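Okay, so here's the structure we're looking at.
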Amino acid sequence: MIKLISECNDFMKDCGFTYAFCGGYALELFLGKRLRSHSDIDTTVFEEDRINSIEFVLNKGWNVYEHKADWDFINNKIANNYLRRILKSDDKRIPELRYIWAIKPDCSFFKIERKSGEENIYDYKILNDEQLNFDFFEIYFNKQKDGNFVFDSFTSQDKNITRKLNKAILYNNEGIPFLAPEVKLLMTSHPAYLSSDYHKAKTEIDFDSTVHFLPKESIEWLINALETAYPDGNTRLEQLKAL
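Be aware that the sequence shown starts at 2, since it is given in the numbering used here, and climbs by one per residue.
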């Protein structure tokens, strides 16, 4: 198994709440092989465990940051890009956060400096295109309800798309949890991902490498979810129906 994922799973496995790997690594955990390089490690935790996850990371001696960035997917540009350090789990902005950055002190992946004239605001620079050491990962906060993984409005286009938890979160033969491939592929079928220069190549590799290995039920669910989210059509939907 990929060294970074094994190290991150060892870090998280005694957390006491549900977590799973997402992003491109989730597909590699499903397939059991390397697909491509990765710029970071993405994990998901349910919203009710926001505070628990932040406390857990802080108690491990790592730093937690709110990442503020306004991303223009089409033009591949970021504005208002900075970090704000979260020092305690009673930070008033925690309930509003959709994700956090967990960064080990002396992280090799970033250069972080306090922003001049600002309190608790930091500029940062990413030092490598690919993360090489386990000293940084992201935690995204997702919804669950009535035993279902609930997709956010960006993914589902406010169409109330869900997936049973026991099908949305799977485990590899080493017991490492990951989002099911059809869940990941739905998330990255948004037109913003498909048209973004930054994301397009990665999402094409992910889709082409994975879709032929999906069980029939997973493909049927993904087709139905795409038809629900994008009634006017979607590139991925057309590709799935052509299989």
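For each residue, glycine too, the CB sits at the ideal point set by N, CA and C.
In this text the structure is predicted, and so the values were computed from the model without any measurement.
Per DSSP, the continuous beta strand (DSSP E) segment holding residue 163 begins and ends at 163-165. Beyond the five residues adjoining it in sequence on each side, residue 129 comes within less than 7 Å, by CB distance, of 110 in the same chain, given in chain order. Boundaries of the beta strand (DSSP E) harbouring residue 115: 111-115, taken from the DSSP string.
Restricting attention to 19, 185, 244, 216, the CA atom closest to the CA of residue 204 is found in 185.
A distance below 6 Å between beta-carbons, with the five flanking residues on each side excluded, links residue 180 to the following residues of its chain, in chain order: 21, 23, 27. The secondary-structure analysis by DSSP pairs residue 84 across a beta bridge with 68, 123. Secondary-structure assignment with DSSP links residue 144 through a beta bridge to 151. Each of 175, 38, 153 was checked against the Cα of residue 100, and the nearest Cα belongs to 153.
In this structure, residue 188 sits away from residue 236, with a CB-CB distance that is not shorter than 8 Å. Residue 178: member of the beta strand (DSSP E) spanning 178-180, first to last residue. DSSP places residue 9 within a helical segment (H, G or I) once states are collapsed to three.
Here residue 124 has 83, 114, 116 as same chain residues with Cβ atoms under 7 Å from its own Cβ, once five neighbours each way along the sequence are excluded.
Take the alpha-carbon of residue 170 and the one of residue 118: they are about 44 Å apart. Judged by pairs of C-beta atoms under 8 Å, the segment 85-93 touches the segment 58-69, as three or more such pairs exist.
Two segments are said to touch when three or more pairs of C-beta atoms, one from each, lie closer than 8 Å; by this definition the segment 26-43 touches the segment 131-145.
Sequence-distant partners of residue 104 (beyond 5 residues in either direction) whose C-beta falls short of 6 Å from its own C-beta, in its chain, are 64, 137. Spatial neighbours of residue 51 in its own chain (CB-CB distance under 6 Å, excluding positions within 5 residues in sequence) are listed in chain order as 95, 142. By the neighbour-count criterion, in which 16 or more other beta carbons inside 10 Å mark a residue as buried, residue 196 falls on the exposed side.
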